[in-house]
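Numbering (full-length UniProt numbering), first residue to last: 3 to 514. Taking it in order: structure first as structure tokens, then the write-up.
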Ligand code: FAD
Ligand code: DLZ
Ligand code: SF4
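Here you go:
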């Protein structure tokens, strides 16, 4: 009784549920580099190189484990272009009693594989995704009957349930959250450890050539390429983070600096999200660093909150609110994406930095994604559909389950506040406080209106002005709204004029 086991490109772990109970001598593991997955949005070139290379390395590992692997490369003659067609083709080659796979990470693909059983007239066993800590249903159970779904409370439940950073029923150190210690800008001369550079082998070189050939019009730079593509390499990246950067992670978590894309972040989202690392092992390593006195509590708790809290929370949030989440747009934002989101060509230094680094690395750290790029998308009223597509394309760690809640709910407030209690809107002064970007900018962060003024300043008030109805009843907006209400009509007119001139320019592809 042969079983066909399908392993998707982001499920690259020997412990993945799709492989549980495998009979090496009988079963086939099928993996395929397919046009449909690589182009349903036009992923960043580096993202495709990373994933295809990691897939090829994982297939090789499976072969070493003596499994029967059917690996279909992108340019194989037998490549059918989609997972469905590839599985169909394989079912014609050999007889199988059933198909087994781990639940895909995206709604789109889950719906697709749910239809396979009928289409192939074969049982399809879709197993729970064991790449996460919270099991299916945990979020839904927690969310049931709650008016507000704040991450902080979900996170506390996860701490209690797993025992990470717990002393009995109490959080280690007496507090659940040390965020107030985690908001320092980066002092000018801070020395920042270099990010881990992994060696590029022949497999990756082959994939680089392939991506150059077949995806020439996709966004982004392939070289330099230094990401991990095996579990061993990903563990090296994790080691270096724990040894060199975790100590300062907390304090500088929200900082940004000119030409410093990596700072003290972990750079492991790529590996967590494609299965090379498991969140539990990552958290255990950070916790151990605290108990061994190698990193302070604010850093370790801050990091664990990201992985055990935010990451698990957004995944639960995604499945709880799909498919409605993907079309929500309570602020009715409609503007198309400005061209500079692809070219990086803008005089706004913060955006230029974040977009250029994104193009080079298929990576930006959290506060760049949130408070520069996201904040701009919110204030300028960019359409959630366009912004979601951009984020899904440009980051090598982007899959819809994690990208969509962060974009639609966290930055755009398109869900009307199910995730965030108020929009993460900020003027230029926040960016100025947390970075040195403004010092190198053509605009003046201290000017509020007019040609030279920082666009974030007037866009902020124009955003409030435009969205009064949607935001007016939110008590968390009271302070902002009070300031707004006290503004003179004259000042408001200047704000509206500056904002409309700026928005007119981006709508007409003029330089800003
Ligand atoms: P670190 O700063 O070192 O954080 C450690 C880990 O915590 C990350 O690796 C990640 O797994 C997890 N984490 C932190 N914040 C979040 C969060 N908000 N949601 C989920 N996990 C989190 N992360 C993705 O993995 N994929 C995405 O497509 C993605 N899109 C984002 C879009 C927007 C608009 C925003 C604001 C955030 C997005 N994030 C996304 C979250 C976060 O920015 C990245 O996880 C982080 O920048 C990855 O870099 P790092 O591994 O160095 O993270
Ligand atoms: C993202 C991606 C890409 C670019 N290519 C493939 C592929 O060729 N084959 C594959 O099995 N998976 C790929 N993936 C990952 C899938 O799109 C992923 O499984 C879904 O997005 C669900 O998270
Ligand atoms: Fe960005 Fe405004 Fe600062 Fe320029 S002045 S870097 S546009 S926040």
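We put the CB at the ideal spot given by N, CA and C, even for glycine.
- Three or more Cβ pairs drawn from the region 377 to 391 and the region 327 to 342 lie within less than 8 Å of each other, which places the two stretches in contact.
- Contact check between the region 114 to 131 and the region 94 to 106: three or more CB pairs, one atom from each, fall below 8 Å, which counts as touching.
- Following the DSSP letters along the chain, one finds residue 32 inside the beta strand (DSSP E) bounded by residues 30 to 34.
- When only Cα atoms are considered, residue 456 and residue 427 end up about 15 Å apart.
- Collapsing the DSSP output to three states places residue 194 in coil.
- A straight-line Cα-Cα distance of about 28 Å links residue 10 and residue 330.
- In this structure the region 393 to 400 lies against the region 35 to 52, because at least three pairs of beta carbons, one per stretch, are closer than 8 Å.
- The three-state reading of DSSP puts residue 455 in strand, counting E and B together.
- Among the bridge pairs identified by DSSP, residue 5 is matched with 100.
- Distances taken from the Cβ of residue 456 to the heavy atoms of ligand 3 include one shorter than 7 Å.
- Selection 211, 195, 185, 154 evaluated against residue 202 yields 211 as nearest (Cα-Cα).
- For a cut-off of 8 Å, the C-beta gap from residue 285 to residue 310 is around 6 Å, short enough to register as a contact.
- With a threshold of 7 Å, the Cβ atom of residue 276 does not count as near ligand 3, since no heavy atom of the ligand is closer than that.
- The alpha-carbon separation between residue 219 and residue 164 amounts to approximately 45 Å.
- Taken from the Cβ of residue 447, every heavy atom of ligand 1 lies 7 Å or farther away.
- Using a Cβ distance threshold of 8 Å, residue 416 and residue 423 do not count as a contacting pair.
- Residue 323 and residue 356 have their C-alpha atoms roughly 30 Å apart.
- In this structure, residue 258 has its CB at a distance of at least 7 Å from all heavy atoms of ligand 3.
- The alpha helix (DSSP H) runs lying completely inside the region 148 to 173 and spanning 4 residues or more are 153 to 164, given in chain order.
- Beta-bridge partners assigned by DSSP to residue 276: none are found.
- In the DSSP assignment, residue 120 falls within the alpha helix (DSSP H) that extends over 118 to 122.
- In the assembly as shown, residue 491 is an exposed residue. Its beta-carbon has fewer than 16 other beta-carbons within 10 Å.
- Contact between residue 64 and residue 74 does not hold, since their C-beta atoms are separated by about 14 Å, which reaches or exceeds 8 Å.
- Of the candidates 21, 420, 352, 352 places its Cα closest to the Cα of residue 433.
- By the CB criterion at 8 Å, residue 97 and residue 4 fall inside the cutoff.
- Leaving aside the five residues that flank residue 228 on each side, the residues in its chain whose CB is nearer than 6 Å to its CB run, in chain order, 199, 200.
- Assignment of alpha helix (DSSP H) within the region 225 to 258, counting only whole runs of 4 or more residues, yields 233 to 242, 248 to 251 in chain order.
- Relative to ligand 3, the beta carbon of residue 254 is positioned no closer than 7 Å to any heavy atom.
- Boundaries of the beta strand (DSSP E) harbouring residue 70: 70 to 74, taken from the DSSP string.
- Within the DSSP secondary-structure output, residue 126 pairs in a beta bridge with 101.
- For the 8 Å CB-CB criterion, residue 473 and residue 481 do not form a contact.
- C-alpha of residue 56 to C-alpha of residue 236: approximately 10 Å in a straight line.
- Assigned with DSSP and collapsed to three states, residue 446 falls in strand.
- For residue 45, the shortest C-beta to heavy atom distance toward ligand 2 is below 7 Å.
- Beta bridge pairing from DSSP links residue 94 with no other residue.
- For residue 111, the closest C-alpha among the options 171, 325, 315 is that of 325.
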